[in-house]
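These notes are about the structure you will find just below.
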Amino acid sequence: MKKIFSKIKQKIRNNLPHIIVAGLMVTLLLIYLFPNIFIFIHSGEAGVLYRRFYGGTVVDKVYGEGLKIIWPFDIMYIYNVRIQEVTREFKVLTKNGLKVGTLISIRYYPGYDQLGVLHQRLGPNYLEKIIIPEIEAVLRIIIGRLEAEEVYRTETSLIEKSVNEAVEEVAQRFVNIDDVLIKQITLPVDIEKAIQYKMEQKHVAEAHIFKIQKEKREAERKRIEGRGIRDQLKIIAASLPKDRILKWFGIKTTLELAQSQNAKVVIIGGKDGLPIIGNVPFMPEESAANNVEVEGEVPAVRESMVEGLVNETANLP
938 MKKIFSKIKQ KIRNNLPHII VAGLMVTLLL IYLFPNIFIF IHSGEAGVLY RRFYGGTVVD
998 KVYGEGLKII WPFDIMYIYN VRIQEVTREF KVLTKNGLKV GTLISIRYYP GYDQLGVLHQ
1058 RLGPNYLEKI IIPEIEAVLR IIIGRLEAEE VYRTETSLIE KSVNEAVEEV AQRFVNIDDV
1118 LIKQITLPVD IEKAIQYKME QKHVAEAHIF KIQKEKREAE RKRIEGRGIR DQLKIIAASL
1178 PKDRILKWFG IKTTLELAQS QNAKVVIIGG KDGLPIIGNV PFMPEESAAN NVEVEGEVPA
1238 VRESMVEGLV NETANLP
């Protein structure tokens, strides 16, 4: 054994320069091939392996997160499997040939289990190959059925719903469309101004119609009120002589004013006993200085006035 080890040592000493050179070449080669051998798949990503000399694309296995070691001549394709968003602007034509600009936000993510088939059939650039063309085609069909004014009036949620229903076909191609949002619809400036003016005039016309209906209802209310007053006067005229109707109304009005807390009422007997209503102070000028005593007498005066008016009303035939 000692002779064998000694022979090995001797050979190493004799070939040491060659061994060092070979070791350096291997080390440099490993450093160069390190990214192709040690593959790091980060969070939210998945890998598809392409075997150069054995079977090509692996479609029945998806490589999850973490460190993967492969042969340097194989290739690991990394895909983002999170929900992604892309915003694109499309120019589409309406039914009458006007160009409409639409700003679309698309949320999508690849099917995890079908990632190998997706890579084999479409590749990493599947967004430009399938999602964008499908969305644009559906949008052109939907807006192409509408007039410019209908595009302006139609709620974007209805267009979004139609687009989302139509792009379900994309899901059959190993890609999931989470949502399609229409952020903005832009019409030609002149057309937009004309449509806005038309809509404003429509609302003005509706406001005039509302005013007319309001006035009609007010006229009907006044007619009903007038019929009620007419019936009331007929009942009063049937129960009172003609020369007592004005006196009855004077007593009624005076009662209402006398019971008010804010009214100052003075009743002076007239020719026919009809009260004369005024805003004359209760106190004489010589007692104006003593406001406290006069103000204390006002409620008593008011009560006596009301009592006298009630008795007068009771005496009417």
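If you count by our numbering, then the sequence shown holds residues 938 to 1254, one letter each, in order. Idealized CB from N, CA, C, for every residue including glycine.
For this session: Along the beta strand (DSSP E) that carries N1017, what are the first and last residues, could you check?
Result: I1012 to N1017 is the extent of the beta strand (DSSP E) around N1017.
Problem set entry | Cβ separation of V1100 and V1075, assumed to be a contact under 8 angstroms, to the nearest whole Å | 5 angstroms
For this session: Could you say if the segment 978-988 and the segment 999-1009 meet the contact criterion of at least three C-beta pairs nearer than 8 angstroms?
Result: yes
For this session: Give the secondary structure of M977 by DSSP, where H, G and I count as helix, E and B as strand, and everything else as coil.
Result: Checking the sequence, you will find Phe at residue 977 rather than Met. It is a strand residue.
Exercise. When we look at the beta-carbon of I945 and count the other beta-carbons within 10 Å, is it buried (16 or more) or exposed?
Worked result: In this structure I945 is exposed. Its beta-carbon is surrounded by fewer than 16 other beta-carbon atoms within 10 angstroms.
Problem set entry | Which of helix, strand or coil DSSP assigns to N1113 | Here N1113 sits in strand by DSSP.
Problem set entry | Three-way DSSP call (helix, strand, coil) for V996 in this model | coil
Exercise. Looking at the structure shown, is G960 part of a helix, part of a strand, or coil, going by DSSP?
Worked result: helix
Problem set entry | Residues that DSSP places opposite S1042 in a beta bridge | T1024 and L1118
For this session: Put P1047 into one of helix, strand or coil per three-state DSSP.
Result: strand
Problem set entry | Sequence-distant residues of the same chain with beta carbon closer than 8 angstroms to E1026, five excluded per side | G1038, T1039, L1040 and I1041
For this session: Over the uninterrupted alpha helix (DSSP H) stretch that includes E1071, give me the two end residues.
Result: I1069 to G1081
For this session: Output the boundary residues of the beta strand (DSSP E) element that contains R988.
Result: E982 to R988
For this session: Compare the Cα-Cα distances from I978 to each of I1015, T994 and L966 and report the closest residue.
Result: I1015
Exercise. Leaving out the 5 sequence neighbours to the left and right, which residues in its chain are closer than 6 angstroms to A1225 when beta-carbon positions are compared?
Worked result: Caution is warranted here: a pLDDT of 41 is assigned to A1225, below 50, making its placement in the model unreliable, and no coordinate value can be reported.
Exercise. For T1123, which beta-bridge partners are listed by DSSP?
Worked result: Its beta-bridge partners are G1038.
For this session: Might you give, ordered along the chain, the residues of its own chain that have their beta carbon closer than 7 angstroms to the beta carbon of V1229, omitting 5 neighbours on each side?
Result: Because V1229 sits at a pLDDT of 40, beneath the cut-off of 50, its placement in the model cannot be relied upon, and the point is left open.
Exercise. Sorted by chain position, which residues of the same chain lie with C-beta nearer than 7 angstroms to P1009's C-beta, five sequence neighbours on each side aside?
Worked result: Sequence-distant partners of P1009 (beyond 5 residues in either direction) whose C-beta falls short of 7 angstroms from its own C-beta, in its chain, are L970, N973 and I974.
For this session: Taking only the alpha-carbon atoms, compute the straight-line gap between R988 and K1032 and give it to the nearest angstrom.
Result: 51 angstroms
Exercise. Straight-line CA distance for V958 to G1060?
Worked result: One C-alpha to the other measures close to 42 angstroms.
For this session: Sort I1114, G1163 and I941 by Cα distance to V1018 and report the nearest one.
Result: I1114
For this session: Can you grab the Cα-Cα spacing for the pair G1163 / I1173, in whole Å?
Result: 15 angstroms
Exercise. Do G1081 and L1030 come within 9 angstroms of each other at the CB atom, strictly closer than that value?
Worked result: Taking 9 angstroms as the Cβ cut-off, L1030 and G1081 qualify as a contacting pair.
Exercise. Taking DSSP as the reference, what is the three-state secondary structure of I1006?
Worked result: strand
For this session: Have a look at M1013, L1035 and T1024 and flag the residue whose alpha-carbon is nearest the alpha-carbon of I1072.
Result: T1024
Exercise. How many Å lie between F1186 and R1154 at the Cα?
Worked result: 30 angstroms
Problem set entry | First and last residue of the uninterrupted alpha helix (DSSP H) at L1055 | L1052 to R1058
For this session: Could you tell me if I1149 is buried or exposed, where buried requires 16 or more neighbouring beta carbons within 10 angstroms of its beta carbon?
Result: exposed
For this session: Express the C-alpha separation of I976 and I1007 in angstroms, rounding to a whole number.
Result: 8 angstroms
Exercise. Which word fits R1165, buried or exposed, when buried means at least 16 other C-beta atoms lie within 10 angstroms of its C-beta?
Worked result: Residue identity differs from the one stated: residue 1165 is Gly in this sequence, not Arg. Under this definition G1165 is an exposed residue.
Problem set entry | T994 versus L1118 - alpha carbon distance | 35 angstroms
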